[in-house]
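S.K.:
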Amino acid sequence: MVKTLLSMPYEILGIICSILEDEYKPGLLKFSQTNRVCYQAANKLRFKKIYIRPAHSKRLAAEVERWTDILSRTNSWPYVKQLELDEPCVGLYTDPEGLTSLLNFVPKLFLLEDLIYACKDPFPPALLQVLHECLPRCRLHLMSFDLESSPDSPTTSVINSANVTPDTSAPATPTTPTAPAAAAGANANNGTGGAGSGADPATAIIDEDKLALASSPSLHTIVVQSAMLRPLTVNEDIALHMAAGLAPNLKRVNILTWYYDRAPKRLSHVSEDSNNQDALACVFKDRDQGSLEGLSLPPVGLDQFIEWEEKLRTLRLWSATTEMLERASQCNFSSLKTFGVSFDSKGESFNEIGRKLIKSLPALENLYLGYYSEAILGTALKYHGHSLQKLYIQGAVSPEDVREIGLHDTQLHDLTILFQCSGSDTCEEFCDAIGTIQHLRTLSITADVYRGTGTPDEKWARDLFTTITRYNRTLQKAQIRPFANNIRYDCFRFNGMNKAEEDRIVVHKADVWRSSDRYFKTMFY
Numbered sequence: 001m002v003k004t005l006l007s008m009p010y011e012i013l014g015i016i017c018s019i020l021e022d023e024y025k026p027g028l029l030k031f032s033q034t035n036r037v038c039y040q041a042a043n044k045l046r047f048k049k050i051y052i053r054p055a056h057s058k059r060l061a062a063e064v065e066r067w068t069d070i071l072s073r074t075n076s077w078p079y080v081k082q083l084e085l086d087e088p089c090v091g092l093y094t095d096p097e098g099l100t101s102l103l104n105f106v107p108k109l110f111l112l113e114d115l116i117y118a119c120k121d122p123f124p125p126a127l128l129q130v131l132h133e134c135l136p137r138c139r140l141h142l143m144s145f146d147l148e149s150s151p152d153s154p155t156t157s158v159i160n161s162a163n164v165t166p167d168t169s170a171p172a173t174p175t176t177p178t179a180p181a182a183a184a185g186a187n188a189n190n191g192t193g194g195a196g197s198g199a200d201p202a203t204a205i206i207d208e209d210k211l212a213l214a215s216s217p218s219l220h221t222i223v224v225q226s227a228m229l230r231p232l233t234v235n236e237d238i239a240l241h242m243a244a245g246l247a248p249n250l251k252r253v254n255i256l257t258w259y260y261d262r263a264p265k266r267l268s269h270v271s272e273d274s275n276n277q278d279a280l281a282c283v284f285k286d287r288d289q290g291s292l293e294g295l296s297l298p299p300v301g302l303d304q305f306i307e308w309e310e311k312l313r314t315l316r317l318w319s320a321t322t323e324m325l326e327r328a329s330q331c332n333f334s335s336l337k338t339f340g341v342s343f344d345s346k347g348e349s350f351n352e353i354g355r356k357l358i359k360s361l362p363a364l365e366n367l368y369l370g371y372y373s374e375a376i377l378g379t380a381l382k383y384h385g386h387s388l389q390k391l392y393i394q395g396a397v398s399p400e401d402v403r404e405i406g407l408h409d410t411q412l413h414d415l416t417i418l419f420q421c422s423g424s425d426t427c428e429e430f431c432d433a434i435g436t437i438q439h440l441r442t443l444s445i446t447a448d449v450y451r452g453t454g455t456p457d458e459k460w461a462r463d464l465f466t467t468i469t470r471y472n473r474t475l476q477k478a479q480i481r482p483f484a485n486n487i488r489y490d491c492f493r494f495n496g497m498n499k500a501e502e503d504r505i506v507v508h509k510a511d512v513w514r515s516s517d518r519y520f521k522t523m524f525y
């Protein structure tokens, strides 16, 4: 009896949708258009993550209304697990009408697991209150954490204008927040709070709304912009205290000297005033160690976070100096699974200290090498090749380097590299080297294509991927991007199809400009 999609069990259709969602997302939409049964099965994954990115403030309410209509019409409210809020300009989430519609919309996503806020505007206090009351288990990821420039605006008027009803069926969050009012009252009793001439300097930095955000149990990830090679700013100092238990569920702190998809903005002010630092210490004193697991740091700042060395599972050191690398090599990162490093310069001294640091780390599962040299790569493969599952190398690698990876590979299934293609022989040699990595399933390559080797179009990407899969039978998908080009080709190979090899391959053209910000965000949460 011939099986059709209509005769297949719903569970099998769900498995098909999961494969399409993981391997070839455009196919998921096409699958949903096959019939009503496939449509219902695909909706669980089609709306797993939704984006609200209005072009201007007047469009926020319209964008919320559009998603309300879609989710109501498809009965897909329970399927939304992630919501990302973004905007191209300042002021979108301060518009009362748009914000009110958003406050009414978010509680309806009653199974929401992650809220990603990637806006220039400070996080709305009213929205934080909605998370606490209606979605206590939702994790909040702030991609631009900046308490210094947060407005001191009340939240009550906006909250009251929205018909927000807490979800009483949701279980209470295991960790309760620090009450801002109680903290403020304690400061007042100690003579450190209140207005007037006797006010604590901290009240100029941390008001009730800001303290509520900094101590929120919803916070899971924050990205803080750092002033290059300067002492801690107020934001960074607050982040330090948040990691120390002020934000009880904060897992990832990323202090960067750049911003993920736009030029670094100027901090509203850089505080080096000892009075401000003392005031913050008074507000945040007597905190526990917290639950920090992931950390990204600029050239300075490791010493401030050194007490978490045994708990960290993720550590990234951006533009690291020799002093920072030397300090890190003396730490006991016993729980570390993911490590990323980029050096602020090259030379033998960095090779030596970089190798020393890599030797000192426990068996890694994920490794990012922002600076590539044969010595560092060889050391990484010697000490971690048996455990590595994902490897990212910035900088052009040779076919010999790829073969070296294959010699040490036992578990590597995800590889990101750059290679130079000067002719068909070079590409063939590179593809042959890829074949030595026996368990590779996902490949991301940037191809530096010289003139005379063909135009890097969709046919070129298909031919390159076909050649690679001829040498490597385990490879299922690849992202191929021509160097200095805004286009990326997502290539997929399907097994078990009764077709010729070339007919098993699907190539999808993607715009890198539209997807680059999402790529950087995935590094942080």
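Numbering-wise (the UniProt record's numbering), the sequence shown opens with residue 1 and increments by one. C-beta: ideal position from N, C-alpha, C; glycine also.
1. List the endpoints of the continuous beta strand (DSSP E) containing residue 74.
2. Which same chain residues end up closer than 7 angstroms to residue 109 when comparing Cβ atoms and leaving out the 5 residues on each side of it in sequence?
3. Going along the chain, which unbroken runs of the alpha helix (DSSP H) with 4 or more residues stay wholly within the segment 392 to 443?
4. Spatial neighbours of residue 381 within its chain, please: C-beta separation below 7 angstroms, excluding the five flanking residues on both sides.
5. For residue 84, which beta-bridge partners are listed by DSSP?
6. If we count the other Cβ atoms within 10 Å of its Cβ and call it buried at 16 or more, is residue 121 buried or exposed?
7. Buried or exposed: which applies to residue 383, given that a residue is buried once 16 or more other Cβ atoms fall within 10 Å of its Cβ?
8. In whole angstroms, what is the alpha-carbon distance linking residue 334 and residue 414?
9. Report buried or exposed for residue 457, applying the criterion of at least 16 other Cβ atoms within 10 angstroms of its Cβ.
10. The alpha helix (DSSP H) with residue 38 in it runs from where to where?
11. For residue 535, list the residues DSSP reports as bridge partners.
12. For residue 308, tell me which candidate among 316, 293, 475 has the shortest Cα-Cα distance.
13. For residue 111, which residues from the same chain have a beta carbon less than 6 angstroms from its beta carbon, with the 5 sequence-adjacent residues on both sides left out?
14. On the DSSP letters alone, give me the boundaries of the alpha helix (DSSP H) that residue 4 sits inside.
15. For residue 272, count neighbouring Cβ atoms within 10 angstroms of its own Cβ and tell me buried if that reaches 16, exposed if not.
16. By alpha-carbon positions, which one of 377, 402, 318 ends up nearest to residue 541?
17. Closer than 8 angstroms by C-beta to residue 439: which residues in its own chain qualify, once you throw out the five before and the five after it? Chain order, please.
18. Between the C-alpha atoms of residue 471 and residue 250, what's the straight-line distance to the nearest angstrom?
19. Taking the C-alpha atoms as reference points, what is the distance between residue 168 and residue 132?
20. Quick one: using the 10 Å Cβ neighbour count with 16 as the cut-off for buried, is residue 332 buried or exposed?
21. Pick helix, strand or coil for residue 170, following the three-state DSSP scheme.
22. Quick check on the burial criterion: 16 or more other C-beta atoms within 10 angstroms. Buried or exposed for residue 10?
M.R.: With the given structure in hand:
1. The residue given as residue 74 occupies position 74 in the sequence shown. Here residue 74 belongs to no beta strand (DSSP E), and DSSP marks it neither H nor E.
2. Translated into the one-based positions of the sequence shown, residue 109 becomes position 109. Within the same chain, residue 109 has close Cβ partners 77, 80, 83.
3. 399 to 408, 424 to 434
4. Counted from its first residue, the sequence shown places residue 381 at position 381. Within the same chain, residue 381 has close Cβ partners 404, 405, 408.
5. Along the sequence shown, read from residue 1 onward, the residue named residue 84 stands at position 84. According to DSSP, residue 84 bridges with 51, 116.
6. For the purposes of this step, residue 121 is identified with residue 121 of the sequence shown, where counting begins at 1. The residue in question, residue 121, is buried, as its Cβ has 16 or more Cβ neighbours within 10 Å.
7. In the sequence shown, the residue the question calls residue 383 occupies position 383. Residue 383 should be labelled buried.
8. The residue labelled residue 334 in the question sits at position 334 within the sequence shown. The residue labelled residue 414 in the question sits at position 414 within the sequence shown. Distance between the alpha carbons of residue 334 and residue 414 is about 24 angstroms.
9. Indexing the sequence shown from 1 puts residue 457 at position 457. With fewer than 16 other beta carbons inside 10 angstroms of its own, residue 457 counts as exposed.
10. Position 38 of the sequence shown holds residue 38. Where residue 38 is concerned, the enclosing alpha helix (DSSP H) stretches over 36 to 46.
11. The structure shown does not extend to residue 535, since the chain is modelled only from 1 to 525, so the question has no answer here.
12. In the sequence shown, residue 308 corresponds to position 308, counting from 1. Here the closest residue by C-alpha is 293.
13. Within the sequence shown, residue 111 is the residue found at index 111, counting from 1. The residues are 78.
14. For the purposes of this step, residue 4 is identified with residue 4 of the sequence shown, where counting begins at 1. Unbroken run through residue 4: none, as it is neither H nor E.
15. Taking the first residue of the sequence shown as position 1, residue 272 is located at position 272. Unreliable placement is indicated for residue 272, whose pLDDT of 32 sits below 50; the coordinate value is still reported in the next sentence. Residue 272 comes out exposed.
16. Because the chain in this structure spans residues 1 to 525, residue 541 falls outside the shown range and cannot be described.
17. Sequence index remark: in the sequence shown, residue 439 carries index 439 (1-based). Closer than 8 angstroms at Cβ, skipping near neighbours: 409, 410, 411, 412, 413, 474.
18. The residue you call residue 471 lines up with position 471 of the sequence shown. The residue you call residue 250 lines up with position 250 of the sequence shown. Rounded to the nearest angstrom, the two C-alpha atoms are 44 angstroms apart.
19. Against the sequence shown, residue 168 aligns to sequence position 168. Against the sequence shown, residue 132 aligns to sequence position 132. Interpretation of residue 168 is limited by its pLDDT of 41, a score under 50 that renders its predicted location unreliable; the figure taken from the coordinates is listed afterwards. Distance between the alpha carbons of residue 168 and residue 132: 12 angstroms.
20. Within the sequence shown, residue 332 is the residue found at index 332, counting from 1. Under a 10 Å Cβ-count criterion, residue 332 is classified as exposed, with fewer than 16 other Cβ atoms of the shown protein chains found around its own Cβ.
21. As a position in the sequence shown, residue 170 is number 170, starting the count at 1. Reliability fails at residue 170, whose pLDDT of 41 lies under 50, so the model's placement of it is uncertain and the value that follows must be treated cautiously. Coil.
22. Your numbering for residue 10 matches position 10 in the sequence shown. Burial call: exposed.
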